[in-house]
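Engineer:
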Amino acid sequence: MLPAALVGSWQSLEETGDAATIAYRFTGDGRYKYAGLISYPVPEGVVKITFVAEGTARVDGSELRLRPVTATRSMEDPRAPQDNYTDKPSSLDPERYVWQVTAGVLGLTGDDGNTVRYRRTEQ
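Mind the numbering: the sequence shown is residues 1 to 123 in the numbering used here, read in order.
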């Protein structure tokens with residue numbers, strides 16, 4: 001069971017110059033889905049790198065532990081289309097964050113000390 005404050009869909013807050021969007025969906029029964037998109041323009045078009053994962057989530061106090069069951073990544077690069085790939089297996093290493101919801105904003109702080117903030121998109 002996940003705390004009600006965490007359950008729902010969250011999208012990263014946009015910051016100036018940031019080319020990444022991250023989204024999570026947490027369910028009350030301890031599951032999560034993750035999608036990340038990095039995109040940036042190049043003269044030939046737009047480079048797109050996507051990450052998708054799903055698995056189990058567990059909260060222990062202020063610690064959120066994510067254990068992916070499936071994870072893939074895809075890349076589209078108009079400069080080198082022969083190197084593009086879709087749904088390539090990605091790391092299944094567990095992740096750990098310190099989590100906090102304040103004034104409707106979710107903060108996830110990784111082991112590196114960096115915090116990413118998310119806004120709720122739906123309950």
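From the three backbone atoms N, C-alpha and C, an ideal C-beta is built for every residue, glycine too.
1) Using C-beta distances below 8 Å, list every residue in its chain close to W10, excluding the 5 sequence neighbours before and after it, in chain order.
2) In the DSSP assignment, find the beta strand (DSSP E) that holds M1 and state where it starts and stops.
3) Using the C-alpha atoms, what's the distance from P3 back to V59?
4) Where does the unbroken beta strand (DSSP E) through A19 begin, and where does it stop?
5) Going by other Cβ atoms of all chains shown within 10 Å of its Cβ, with 16 needed for buried, is S12 buried or exposed?
Structural biologist: Let's see:
1) Excluding sequence neighbours, W10 sits near A23, Y24, R25, F26, L106, Y118, R119, R120, T121.
2) Counting along the chain, M1 falls outside any beta strand (DSSP E), and DSSP gives it neither H nor E.
3) Each residue's alpha carbon lies about 8 Å from the other.
4) Element bounds for A19: n/a, residue is neither H nor E.
5) buried
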